[in-house]
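If you count the sequence shown from 1, you need to add 36 to reach our numbering. So the structure is just underneath, and the comments pick up after that.
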Amino acid sequence: MEHRVKTFNEYTRYIRVRSAPEDKFVEFDFAIGYPELFVELVLPRGAFKTFCEHNNVVHMDSAMIRQIDEDMVKWRFGENGHR
């Protein structure tokens, strides 16, 4: 059985909003394919809405966020979940 590799456009695009709903600009993490590999971006609200629609984004759920945060702590402090 041949394993087909996904094309770039087939990868899921994830976002995690970090700013407050009332903020003028939206601060968010954006990842393609792998939620733990993200870039931090800032856009005005209107541009953020367009960005999300254009990329057909999926909001990271609480389990994804928890795992990413635990991994970040592990890499920063050496033990998973411990500062």
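Here a beta-carbon is modelled for each residue, glycine too, at the ideal position from N, C-alpha and C. Being a predicted model, the structure only gives us computed values, none of them experimental.
Where residue i falls: helix, strand or coil (DSSP)
i	result
residue 39	coil
residue 105	helix
residue 52	strand
residue 63	strand
residue 76	strand
Buried or exposed by the 16-neighbour rule on C-beta atoms within 10 Å, applied to residue i
i	result
residue 71	buried
residue 37	exposed
residue 108	exposed
Other residues of its chain near residue i: CB distance less than 7 Å, five sequence neighbours each side excluded
i	result
residue 53	62, 64
Proximity below 9 Å, CB of residue i to CB of residue j
i	j	result
residue 50	residue 93	yes
residue 83	residue 75	no
Selected residue, minimal CA-CA separation from residue i, among the options
i	options	result
residue 42	69, 95, 74	69
residue 104	73, 45, 58, 57	73
Cut-off 8 Å between Cβ atoms - residues of its own chain near residue i, not counting five sequence neighbours on either side
i	result
residue 80	60, 61, 62
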